[in-house]
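Report on the structure given below.
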Amino acid sequence: MALPLALMLLLSMSALALAFGSLASTEPTVASNHSRTAQARALAESGIERAAWALFNAAATGGIPDGQVPALAPYDGSSFFAAGVLGGFTVQVAAGTTATERTVVGVGWAPDNTSAAKAHRKIQAMLQFSTAGVRVFDPPCALCVAGHVQVGGNARVESRAGGCGAGVPPGSAVRSSGTVSVQGSGDVFGHGNEVHNEDGVDWLEGVPPASFTYTAAELAQLKAVARGRGTYYQGARTWLPATGIVFIDTVDGSDFDQDTPDSIAGSLTLAGTSTFSGIVIVAGSVQITGGTTINGLLYALNDLTAAGDVTINGAVATENRKDVSSTSVDTTTTGSVVINYDCDKVRNAGGTTPPVWTIKPGTYREIEGT
């Protein structure tokens, strides 16, 4: 009995020894392949990061000049960026769906792109020029209204300076989906005009609001940013912090629409003398008087009334979700109100949050090909 058992055990041990020997000869190769694949994927991500750096540092050596779409070499996919002994990557930067987006494809290679035993991975993502993770808001007007506009008193709205980056400011300082009424000594100046309403281009009527409003997803992102920074409020507010990205929500946090009761809506009422730099979103109406100065973006989901010595350097946008009757004036600027178009102040939240190129949510994916 002992002899057969010993032979069977010896046979089993021999089979295991052969199996372990076979694995010992192939596992290093498998492990090496996995390692190179992981390195190639990381290098492809490095290509995406390199593109983001080049777009942000347009004037630096190795940067992508503003407005160069698609990008030229070395960002056209033809140049190999070596990353030491690990390998390297190629990167291609092309146009996105909007002027502030770029489609970027990074291909990582390990240990290089010429060896016989090379591995590669390809990643595609959309980069967007964003403030606090939300695309930069490049308003096409100093005062943008989804409703009717009245400019009166000694109010002045102008877009003769402060274009986006090195771009030209908009020719129409006021754009409205409804009507525009300029009364009294009110003035509106589009870019290049010295007399308001010159050739009728200083303001435009019947403009689709989609050209100057945030999407619902972007408003939700801004709300989340404000929550994270401690600048999220609900209900009626009569003051703002000195700086920040502020979101003034409805009392119960519900979406503001035409059926929202006034008792539930958010609101902002500013009087006296104060200065705010940043972005403020109000789920309701805004009333500003006194000597208030706002550097950045004032965005109301309902309407705006401004009077007194109010100065806004940046832009104003109102959606008029509730008060949009054709017989009412939804947005009024009177007194000595001055709205100076300054796209860069909108982009950088009044100088408090510099915009950067980041991956647009939902666009990162690994794809096939070389």
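All residue numbers for the sequence shown refer to the numbering used here, where the first residue is 550 and numbers rise by one.
Using N, Cα and C, we set each Cβ at its ideal position, and we do this for glycine too.
Query                                                                                                                                                                                              : Result
Please go through the same chain and pick out, in chain order, the residues whose beta-carbon is closer than 6 Å to the beta-carbon of residue 885, but skip the five residues on each side of it. : 703, 858
If you scan the stretch 707–791 from start to end, which runs of the beta strand (DSSP E) of 3 or more residues do you find wholly inside it?                                                      : 723–725, 729–731, 736–738, 752–754, 781–783
Would you call residue 774 buried or exposed, if buried means 16 or more other Cβ atoms sit within 10 Å of its Cβ?                                                                                 : buried
Taking only three categories from DSSP, how would you classify residue 591?                                                                                                                        : helix
When the Cα atoms are used, what is the spatial distance from residue 582 to residue 666?                                                                                                          : 9 Å
Mark residue 910 as exposed unless 16 or more other C-beta atoms lie within 10 angstroms of its C-beta, in which case mark it buried.                                                              : exposed
Quick one: Cα of residue 518 to Cα of residue 799, how far?                                                                                                                                        : Because the chain is modelled from 550 through 919, residue 518 falls outside the range shown and cannot be assessed.
Taking DSSP as the reference, what is the three-state secondary structure of residue 894?                                                                                                          : helix
The beta strand (DSSP E) with residue 686 in it runs from where to where?                                                                                                                          : No beta strand (DSSP E) holds residue 686; DSSP gives it neither H nor E.
Give me, in chain order, the residues of the same chain whose beta-carbon lies closer than 7 Å to that of residue 741; leave out the 5 immediate sequence neighbours on both sides.                : 720
Any idea if residue 852 is buried or exposed, counting beta-carbon neighbours within 10 angstroms, 16 or more meaning buried?                                                                      : buried
Does the stretch 667–681 come into contact with the stretch 585–603, if we say contact requires no fewer than three beta-carbon pairs (one atom in each stretch) closer than 8 Å?                  : yes
Which of the three DSSP states is assigned to residue 868 in this structure?                                                                                                                       : coil
State the Cα-Cα distance for the pair residue 653 and residue 903, rounded to the nearest angstrom.                                                                                                : 22 Å
Let me confirm a value: residue 807 is counted as buried when at least 16 other C-beta atoms fall within 10 Å, else exposed. Which label applies?                                                  : exposed
Rounded C-beta distance between residue 723 and residue 706? I'm assuming under 8 Å.                                                                                                               : 6 Å
Determine whether the beta carbon atoms of residue 674 and residue 597 lie at a separation below 8 Å.                                                                                              : yes
Let me know the secondary structure DSSP gives residue 563 once reduced to three states.                                                                                                           : helix
Where does the unbroken beta strand (DSSP E) through residue 675 begin, and where does it stop?                                                                                                    : 668–680
Confirm, please, whether the CB-CB distance from residue 824 to residue 791 is below 8 Å.                                                                                                          : yes
Within its chain, find whatever has a CB closer than 6 Å to the CB of residue 913; leave out the 5 residues flanking it on each side and keep chain order.                                         : 674
What distance in whole Å lies between the Cβ atoms of residue 768 and residue 830, which are believed to be in contact at a cut-off of 8 Å?                                                        : 7 Å
Return the residue from the list 783, 637, 687, 754 that minimises the CA-CA distance to residue 697.                                                                                              : 754
With burial defined as no fewer than 16 other Cβ atoms inside 10 Å of the residue's Cβ, what is the status of residue 554: buried or exposed?                                                      : exposed
Hey, residue 739 and residue 891: beta-carbon distance below 8 Å or not?                                                                                                                           : no
Are the stretch 639–657 and the stretch 677–687 touching by the rule of at least three beta carbon pairs closer than 8 Å?                                                                          : yes
Quick one: using the 10 Å Cβ neighbour count with 16 as the cut-off for buried, is residue 834 buried or exposed?                                                                                  : buried
Based on Cα-Cα distance, which residue from 781, 641, 717, 663 lies nearest to residue 816?                                                                                                        : 781
Whose C-alpha, out of 860, 805, 624, 832, is nearest the C-alpha of residue 822?                                                                                                                   : 860
Report yes if the CB atom of residue 846 is closer than 8 Å to the CB atom of residue 895, and no otherwise.                                                                                       : yes
Determine the closest residue to residue 642 out of 917, 682, 609, 599, with distance taken between C-alpha atoms.                                                                                 : 599
Out of 635, 809, 692, 664, which has the shortest C-alpha to C-alpha gap to residue 863?                                                                                                           : 692
Are the beta-carbon atoms belonging to residue 915 and residue 613 less than 8 Å from one another?                                                                                                 : no
Given a threshold of 16 other Cβ atoms within 10 Å of its Cβ, counted over all protein chains shown, does residue 735 qualify as buried or as exposed?                                             : buried
Output the distance between the C-alpha atoms of residue 638 and residue 626, rounded to the nearest integer angstrom.                                                                             : 9 Å
Taking 8 Å as the threshold (C-beta atoms), are residue 793 and residue 919 in contact?                                                                                                            : no
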